[in-house]
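**Q** My questions will all concern the structure given below.
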């Protein structure tokens, strides 16, 4: 099963929340309360996102976190890579050359790399602005949604 890490998933939730709060800083406890995530998890995510330049932080009584760029300029691919500290790829040879002893004779490597590039391209095409727009539309037309930990049966019912 192909799946992004839990931290990357939660980071998209945090970033989407911040994208809905333009111009204003939000504290870690505010973000945790609004997203339903635990404060330690939110703090870990915020530190990584600041370190990678996706968020800006300000200390003090009026401090907090805000996006470092406009939502239109931040893609899901960038958020996922920031959280996972490595290039995206379905297989090790899709991420880094030279990691596999069978690389030179592997008959499927090229296809895995092509698939990995296409997934990256699709994730790069979806921005925070797109997520926020979709979230606004879903508020107008509510549907049942599931958080990361869904069972495979729930996914089957949703046609995933």
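Residue numbers (this note's numbering): 601 to 760. Don't be surprised by glycine CBs; every beta carbon is placed ideally from N, CA and C. From a predicted model like this one, the values you see are computed outputs, not experimental measurements.
If I measure Cβ to Cβ from residue 618 and keep anything under 6 Å in the same chain, skipping five residues before and after, which residues do I get?
**A** For the purposes of this step, residue 618 is identified with residue 18 of the chain shown, where counting begins at 1. Taken in chain order, the residues that qualify are 667.
**Q** Which residues in the same chain as residue 680 place their Cβ atom closer than 6 Å to its Cβ, once the five residues preceding and following it in sequence are excluded?
**A** In the chain shown, counting from the first residue as 1, residue 680 sits at position 80. So the list reads 604, 608, once near-sequence residues are dropped.
**Q** Quick one: residues in its chain with C-beta nearer than 7 Å to the C-beta of residue 629, no 5 flanking neighbours on either side, listed in chain order?
**A** Counting from one through the chain shown, the residue named residue 629 turns up at place 29. Same-chain partners within the cutoff: 639.
**Q** What residue ranges within the stretch 645-700 form continuous beta strand (DSSP E) runs of no fewer than 3 residues, ordered along the chain?
**A** Complete beta strand (DSSP E) runs here, min 3: 655-658, 664-667.
**Q** In the DSSP assignment, find the alpha helix (DSSP H) that holds residue 711 and state where it starts and stops.
**A** Taking the first residue of the chain shown as position 1, residue 711 is located at position 111. Element bounds for residue 711: 709-725.
**Q** On the premise that residue 616 lies in contact with residue 728, defined as a C-beta separation below 8 Å, what is that separation, rounded to the nearest angstrom?
**A** For the purposes of this step, residue 728 is taken as the residue at position 128 of the chain shown. For the purposes of this step, residue 616 is taken as the residue at position 16 of the chain shown. With a Cβ gap of about 6 Å, residue 728 and residue 616 count as contacting.
**Q** For residue 731 versus residue 682, is the C-beta distance shorter than 9 Å?
**A** Sequence index remark: in the chain shown, residue 731 carries index 131 (1-based). Sequence index remark: in the chain shown, residue 682 carries index 82 (1-based). Their beta carbons are not under 9 Å apart, which means residue 731 does not touch residue 682 by this criterion.
**Q** Output yes or no for whether 9 Å exceeds the beta carbon distance between residue 635 and residue 610.
**A** Residue 635 sits at position 35 when you count from the first residue of the chain shown. Residue 610 sits at position 10 when you count from the first residue of the chain shown. For residue 635 and residue 610, yes; Cβs fall inside 9 Å.
**Q** Using only the alpha-carbon positions, how far apart do residue 714 and residue 606 sit?
**A** Taking the first residue of the chain shown as 1, we reach residue 714 at position 114. Taking the first residue of the chain shown as 1, we reach residue 606 at position 6. Approximately 25 Å, taken between the alpha carbons.
**Q** Consult DSSP for residue 603 and reduce its assignment to one of helix, strand or coil.
**A** Locating residue 603 in the chain shown gives position 3, counting from the first residue. Three-state result, residue 603: coil.
**Q** Going by Cα to Cα distance, which pick from 709, 700, 702, 689 is closest to residue 717?
**A** The residue you call residue 717 lines up with position 117 of the chain shown. Of the listed residues, the one whose Cα sits closest to residue 717 is 689.
**Q** Going by DSSP, what residue range makes up the alpha helix (DSSP H) through residue 635?
**A** In the chain shown, counting from the first residue as 1, residue 635 sits at position 35. Run containing residue 635: 628-635, per the alpha helix (DSSP H) assignment.
**Q** Does residue 643 come out as helix, strand or coil in the three-state DSSP assignment?
**A** Locating residue 643 in the chain shown gives position 43, counting from the first residue. In the structure shown, residue 643 sits in a helix (DSSP, three-state: H, G or I).
**Q** Can you tell me whether residue 633 is buried or exposed, with buried defined as 16 or more other CB within 10 angstroms of its CB?
**A** Translated into the one-based positions of the chain shown, residue 633 becomes position 33. Burial call: exposed.
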